[in-house]
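S.K.: Let me give you the structure first, and then I'll get to my questions.
Numbering (the numbering used here), first residue to last: 457 to 552.
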């Protein structure tokens with residue numbers, strides 16, 4: 457099911473009360489993925505990406521994901537939620 461991120465801002469705000477959110481660009485060998493990652497508000501906001509990448513979990517959840525195929529940039533998908541295997545990540549950076 458494809459979900460466009462536009463119009464989801466109200467739902468996103470309601471879901472963020474107990475977590476830090478960071479809009480990111482994730483690059484893998486085949487895809488560029490833009491979306492939001494989240495961490496509980498137990499740590500520092502500036503450590504979100506570091507905490508995700510150095511944690512014990514092997515997958516990272518991304519909300520409101522726009523996935524672009526690097527070999528065919530016109531091919532894009534939108535998903536409300538995806539999981540990315542950390543071993544496939546070449547680069548991750550904030551987009552805010």
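Each residue gets a CB set at the ideal place from its N, CA and C atoms; glycine is no exception.
Could you say which of 494, 473 and 509 lies nearest to residue 547 if we only look at CA atoms?
M.R.: Answer by Cα proximity: 509.
S.K.: Quick check on residue 543: does DSSP put it in helix, strand or coil?
M.R.: The answer is helix: DSSP assigns residue 543 an H, G or I state.
S.K.: In terms of residue numbering, what span does the beta strand (DSSP E) encompassing residue 496 cover?
M.R.: Element bounds for residue 496: 487-496.
S.K.: Identify every residue that forms a DSSP beta bridge with residue 550.
M.R.: Beta-bridge pairing links residue 550 to 480.
S.K.: My output table needs one value for residue 528: the three-state DSSP class, helix, strand or coil.
M.R.: Coil.
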